[in-house]
Every structure is written in structure tokens, then in C-alpha cells.
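Some notes on the structure that comes next.
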Amino acid sequence: RIKLQIPWSSIYSSPVTAVLEDVYILAGPVTDRKYDPDRERALQHARKRRRLAELDTFTNQEKDAGDKRGFMEKLIATIMNNIQISIQRIHIRYEDRVTNPDHPFACGIMLKLITAETTNSQWQPITLDSTASLVHKLVKLHGLSIYWNTLLPESCLISTKLQTHAWR
Numbered sequence: 002r003i004k005l006q007i008p009w010s011s012i013y014s015s016p017v018t019a020v021l022e023d024v025y026i027l028a029g030p031v032t033d034r035k036y037d038p039d040r041e042r043a044l045q046h047a048r049k050r051r052r053l054a055e056l057d058t059f060t061n062q063e064k065d066a067g068d069k070r071g072f073m074e075k076l077i078a079t080i081m082n083n084i085q086i087s088i089q090r091i092h093i094r095y096e097d098r099v100t101n102p103d104h105p106f107a108c109g110i111m112l113k114l115i116t117a118e119t120t121n122s123q124w125q126p127i128t129l130d131s132t133a134s135l136v137h138k139l140v141k142l143h144g145l146s147i148y149w150n151t152l153l154p155e156s157c158l159i160s161t162k163l164q165t166h167a168w169r
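If you're matching positions, the sequence shown starts at 2 in our numbering and goes up one per residue.
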């Protein structure tokens, strides 16, 4: 679930709140096509060229804009300075029974809660304007765990219980 609260009537004095919660992602190796190193290199080269073109466009736009900051730039700066983020109950799991079929494995990361909010230099929550030259963010992390299970019987793989062919 994603929730975004924007206090339009008090946008310059209240923080925007973004919440992401209850996410479960299950990933695995690609099995529906063979790996083609030449195709992969060509795709990677095309991505790099596209990123360079985007960076060049952005740099030229910044030069053209100069120091003029309009309403939207100030609004975006204020929102970014004061955004409060909360990410809770996230589980990302990777299962692989293809690489070594005799020994399937699963690994993953679980996060109970991470929050970030704007504070002053004494770590007290505050609201900043768009002209702030220094922004303090207090980040709190609770319940982070990482696992790697190499002794996993295939019956314990979640992907065997799902009908992933129906998702395609």
C-alpha cells in the first residue's frame, strides 16, 4: 500500500508524508529465455547512451534556467526539504531452484520500519522553507534482517506454491 498525504492548504508549514507498507516481493531467475551476452551488451550500451543524453539535456536546461527559481522550483524544494517518509513491513525474497537444482536456496531482506523526517541541529522535528542551505534528516531503523538459506527443501519454496504462469 502506498499513501501520500499532501497538506495543500498548509504546504509551506506542514510536511508531505509518504508511506509505503505491507510489500512482499518474490523474485527468481529468468527461465523463459536463454541468456544472450551480445544482446545484453547492446542493451547495456543503449542504456548508457540514453543516460548520457538525458544528463546532457538536463545540464543544458540548467544553464538556460540560470538562477531564476520559479514557483514550482520553490514548491518542490520546500516539499523535498520537509518530506516525511515511512516504510514498514517490507519483505523481498529471491528463490533459485534453477542454478543448482539439487540445492535450491532462498535469500531475502525483511524490514519492520524505517522513517525519515526533517529536524533541526538538535534533532527536533521542524519545517523548513525552500531557501534552507542545510537540511538535517533523522532516520530511524527498526527490525532489519537478512537471511540466506541454502539448506532449503523444494517443498519450502514459496514459488512452488504459486502459479506464476498465470501472471504472464
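For glycine and all other residues, C-beta sits at the position ideal for the given N, C-alpha and C.
Practice problem: Determine the direct distance from the alpha carbon of residue 60 to that of residue 97, and round the result to whole angstroms. | Solution: If I take the Cα positions, the gap works out to 42 angstroms.
Quiz item: Does the Cβ-Cβ distance between residue 27 and residue 3 come in under 8 angstroms?
Solution: Cβ distance not < 8 angstroms, so residue 27 and residue 3 don't count as in contact.
Quiz item: How long is the line joining the alpha carbons of residue 135 and residue 12, rounded to whole angstroms?
Solution: Cα to Cα, residue 135 sits roughly 20 angstroms from residue 12.
Quiz prompt | Residue environment, residue 51, which counts as buried when at least 16 other CB atoms sit within 10 Å | solution = Exposed, because fewer than 16 other Cβ atoms sit within 10 Å of the Cβ of residue 51.
Quiz item: Under 8 angstroms, do residue 122 and residue 104 count as touching if we go by C-beta distance?
Solution: Their beta carbons are not under 8 angstroms apart, which means residue 122 does not touch residue 104 by this criterion.
Quiz item: In terms of residue numbering, what span does the alpha helix (DSSP H) encompassing residue 83 cover?
Solution: For residue 83, the enclosing alpha helix (DSSP H) covers residues 72 to 83.
Quiz prompt | Residue from 19, 74, 40 and 99 with nearest C-alpha to residue 132 | solution = By alpha-carbon distance to residue 132, the top candidate from 19, 74, 40 and 99 is 74.
Quiz item: Is residue 143 closer than 8 angstroms to residue 114 when the C-beta atoms are compared?
Solution: In contact: residue 114 and residue 143 (Cβ atoms closer than 8 angstroms).
Quiz item: Comparing the C-beta of residue 10 with each C-beta of chain C, is any distance below 8 angstroms?
Solution: Here chain C cannot be found, since the structure has a single protein chain.
Self-check item: Cα-Cα separation, residue 155 to residue 45
Solution: Each residue's Cα considered, the two are about 34 angstroms apart.
Quiz item: From 99, 111, 84 and 118, pick the residue whose C-alpha is nearest to that of residue 35; which is it?
Solution: Shortest Cα-Cα distance from residue 35 to any of 99, 111, 84 and 118 involves 99.
Quiz item: Buried or exposed: where does residue 107 fall if 16 or more other Cβ atoms within 10 Å of its Cβ makes it buried?
Solution: Burial call: buried.
Self-check item: Three-state secondary structure (DSSP) of residue 46
Solution: The three-state secondary structure of residue 46, taken from DSSP, is helix.
Quiz item: Of all the options 78, 80 and 25, which has the alpha carbon lying nearest to the alpha carbon of residue 94?
Solution: The shortest C-alpha separation from residue 94 is found at 25.
Quiz item: In three-state DSSP terms, what is residue 58?
Solution: Looking at residue 58 - three-state DSSP - the assignment turns out to be helix.
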